[in-house]
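Trainee: Residue numbers (our numbering): 2 to 396.
Have a look at this one:
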């Protein structure tokens, strides 16, 4: 029986018109989901138990309730519907096989397009920790995720080496590289690929997402002449750590202790085509035996960025490590293997996790909390509680 004040929906109303996922349908409204489905050519030609829009929301719910069985996630989508008898008559909870087929029909393209449309830097001028002297702080880093142990995933993604048994890991792995805003933990660019592809190679595909006014932080695995040149060409400023064996000749010494130098491509044996960089060297208190940390930057004027400030600023790069921890440990769950049995499904699932992470981060920002791990965990719990409670209401 409907509650007082409610009216039963007309017979022709579709379940996809009723599904709501709390903050997820606020950040990714139905109209936008329909747009990206149409743009990517993944719309259905006939009425189905799981139309494309419902499948998109199912993937988001699946990545929100990581570890739950397919059919349990489907139940969560409709748990709050007050007129259950009518919906049971026209929409039974799909089987695992039906859900798998719906995900295969949808493919990864709508999720990837939805990410491109929505996931952008979100810091305002008032956001604490998001800026350095008017520059938006962003960072790049990568990780790997275990995927289902199937022949298709193994052939496409490969497995890392292991020191035990047959010298291979138990699961194939997908590599994920992201660009994230340090002050908000908002991921605004991402690339996936086999674990056999270096994270620096995937990072190269993300560099066009940089913009003037950004300051990109990166660890010592990323510097390289061509990568530096491509990143600097976007107009963004760079602050990257370099390895201790990098040869950096002093061209001009500055009063703040930094100095002007040049970097060269390994193929440039005569060192005829160098790029100017400014070098900042410092030691970390308590770790002097490890030697100095060396940074290179495109900000050549010490007045614009004193060496001491850059040394302190570089450690903001660890914020992107926190982003990956939020996704892998708190959202996905520790040691949880992605469930998709095929490469397209893995990509779809990874973008589902990124989209849910963005929505949860939006919820944390609205709550006025700092972008640290505890606030993400609290917001994740709140968003999860919203889904069954709000499933009966239109987005």
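C-beta: ideal position from N, C-alpha, C; glycine also.
1. The alpha helix (DSSP H) with residue 189 in it runs from where to where?
2. Taking only three categories from DSSP, how would you classify residue 272?
3. Identify whether residue 85 lies in helix, strand or coil by the three-state DSSP scheme.
4. When the Cα atoms are used, what is the spatial distance from residue 351 to residue 41?
5. Classify residue 364 as helix, strand or coil using the three-state DSSP reduction.
6. Applying the 10 Å Cβ sphere with the 16-neighbour rule, what's the burial state of residue 70?
7. Would you call the segment 153–164 and the segment 126–136 touching, i.e. three or more CB-CB distances under 8 Å?
8. Taking the alpha helix (DSSP H) that residue 101 belongs to, which residues open and close that run?
9. Compare the Cα-Cα distances from residue 204 to each of 195, 197, 213, 191 and report the closest residue.
10. Helix, strand or coil, according to DSSP, for residue 90 in the structure here?
11. My understanding is that residue 452 touches residue 207, with C-beta atoms under 8 Å, so please give their C-beta distance in whole angstroms.
12. Which whole-angstrom value is the C-beta distance of residue 306 and residue 298, which I expect to be below 8 Å?
13. Label residue 274 either buried or exposed according to how many other C-beta atoms from any shown protein chain fall within 10 Å of its C-beta, with 16 as the threshold for buried.
14. Would you decide whether residue 277 is buried or exposed? Buried here means 16 or more other CB atoms lie within 10 Å of its CB.
15. If distances are taken between C-alpha atoms only, which option among 354, 342, 332, 233 comes closest to residue 380?
16. The beta strand (DSSP E) with residue 234 in it runs from where to where?
17. Using a Cβ-Cβ cutoff of less than 7 Å, which residues in the same chain neighbour residue 97 once the five nearest sequence positions on both sides are dropped?
18. So, does the segment 255–262 touch the segment 327–342, judging by three or more C-beta pairs under 8 Å?
19. Among 348, 386, 212, which one has its Cα closest to the Cα of residue 140?
20. Within 10 angstroms of its Cβ, does residue 358 collect 16 or more other Cβ (buried), or is it exposed?
21. Terminal residues of the continuous alpha helix (DSSP H) containing residue 141?
22. Can you have a look at residue 104 and say buried or exposed, based on whether 16 or more other CB atoms are within 10 angstroms of its CB?
23. Give every residue of the same chain whose Cβ lies closer than 6 Å to the Cβ of residue 342, excluding the five residues on either side of it in the sequence, and list them in chain order.
24. Rounded to whole angstroms, what's the CA-CA distance from residue 252 to residue 265? Just pull it up for me.
25. For residue 111 and residue 34, I'd like the C-alpha separation in whole angstroms.
26. Which residue wins for smallest C-alpha separation from residue 145, given the options 377, 362, 337, 345?
27. Please report the residue range of the alpha helix (DSSP H) in which residue 155 lies.
28. Of the residues 194, 75, 64, which one's Cα is nearest the Cα of residue 360?
Mentor: In terms of the structure at hand:
1. Run containing residue 189: none in the alpha helix (DSSP H); it sits in the beta strand (DSSP E), 188–195.
2. In this structure, DSSP gives residue 272 a state outside helix and strand, which the three-state scheme calls coil.
3. With a pLDDT of only 35 at residue 85, under 50, the local geometry of the prediction cannot be trusted, and no value is derived from it.
4. Each residue's alpha carbon lies about 18 Å from the other.
5. In the structure shown, residue 364 sits in a helix (DSSP, three-state: H, G or I).
6. Burial call: exposed.
7. Output reads no: the segment 126–136 does not touch the segment 153–164.
8. Residue 101 -> alpha helix (DSSP H) spans 97–107.
9. Ranking 195, 197, 213, 191 by CA distance to the CA of residue 204 puts 191 first.
10. With a pLDDT of 44 at residue 90, under the threshold of 50, the predicted position of this residue should be treated as unreliable, though the coordinate-derived value follows. Three-state DSSP puts residue 90 in a helix.
11. Nothing about residue 452 can be reported from this structure: the residues present for the chain run from 2 to 396 only.
12. Between residue 306 and residue 298 a beta carbon distance of about 7 Å is seen, short of the 8 Å cut, so the two are scored as contacting.
13. In this structure residue 274 is exposed. Its beta-carbon is surrounded by fewer than 16 other beta-carbon atoms within 10 angstroms.
14. Looking at its Cβ environment, which holds fewer than 16 other Cβ atoms inside 10 Å, residue 277 is exposed.
15. Ranking 354, 342, 332, 233 by Cα distance to residue 380 puts 332 first.
16. It is not in any beta strand (DSSP E) - residue 234 instead sits in the alpha helix (DSSP H) that spans 226–234.
17. The residues 71, 72, in chain order, have a CB closer than 7 Å to that of residue 97 in the same chain once the five nearest residues on each side in sequence are set aside.
18. A contact is defined here as three or more CB-CB pairs under 8 Å, and the segment 255–262 fails this definition with respect to the segment 327–342.
19. Out of 348, 386, 212, 212 has the C-alpha closest to the C-alpha of residue 140.
20. Classification of residue 358: buried, given that the 10 Å Cβ count is 16 or more.
21. Element bounds for residue 141: not the alpha helix (DSSP H) but the beta strand (DSSP E), 136–147.
22. Here residue 104 is buried, its C-beta having at least 16 other C-beta atoms within 10 Å.
23. The answer, listed in chain order, is 149, 151.
24. If I take the Cα positions, the gap works out to 14 Å.
25. Roughly 8 Å between the two C-alpha positions.
26. That would be 337, whose Cα lies nearest to the Cα of residue 145.
27. Its alpha helix (DSSP H) spans residues 152–158.
28. The shortest C-alpha separation from residue 360 is found at 64.
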